[in-house]
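Reviewing the structure listed below.
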Amino acid sequence: RQAFFLPSEMVRFEEAGDRLSADLICPYPPGIPVLIPGEQITVEALLYLREVLKAGGIVTGATDPDLQRLRVLKP
């Protein structure tokens with residue numbers, strides 16, 4: 200909950216690895232959050248999100264729904 204209110208910034212998708220997510224990002228299907236505010240963004244999570252979009256899935260909760268950029272917590 201605290202991470203939701205911390206200062207954040209937008210970074211390119213490719214630069215988001217190892218940063219902390221500021222959004223609750225939930226791909227559909229399956230509809231289960233992959234990232235929650237304050238969680239470290241892993242390379243695996245980034246690859247999974249790209250695959251969901253590539254397969255025609257939807258990603259909800261991201262500030263940029265096209266996932267060109269992700270909202271992360273400021274260091």
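Read in order, the letters of the sequence shown are residues 200 to 274 in the working numbering. The beta-carbon is built from N, C-alpha and C at its ideal position, and this holds for glycine as well.
Is residue 226 buried or exposed, if buried means 16 or more other CB atoms sit within 10 Å of its CB? Residue 226 should be labelled buried.
With which residues is residue 224 paired in a DSSP beta bridge? In DSSP, residue 224 forms a bridge with 234.
Residues of its chain near residue 260, where Cβ-Cβ distance is below 6 Å and the 5 sequence neighbours each way are ignored: Contacts found: 222, 223, 224 and 225.
Rounded to whole angstroms, what is the Cα-Cα separation between residue 243 and residue 251? If you take the alpha carbons of residue 243 and residue 251, they lie about 12 Å apart.
Checking the sheet assignment: what are the DSSP bridge partners for residue 257? The bridge partners DSSP lists for residue 257 are 227.
As a quick exercise: from 274, 269 and 201, pick the residue whose alpha carbon is nearest that of residue 213. Of the listed residues, the one whose Cα sits closest to residue 213 is 269.
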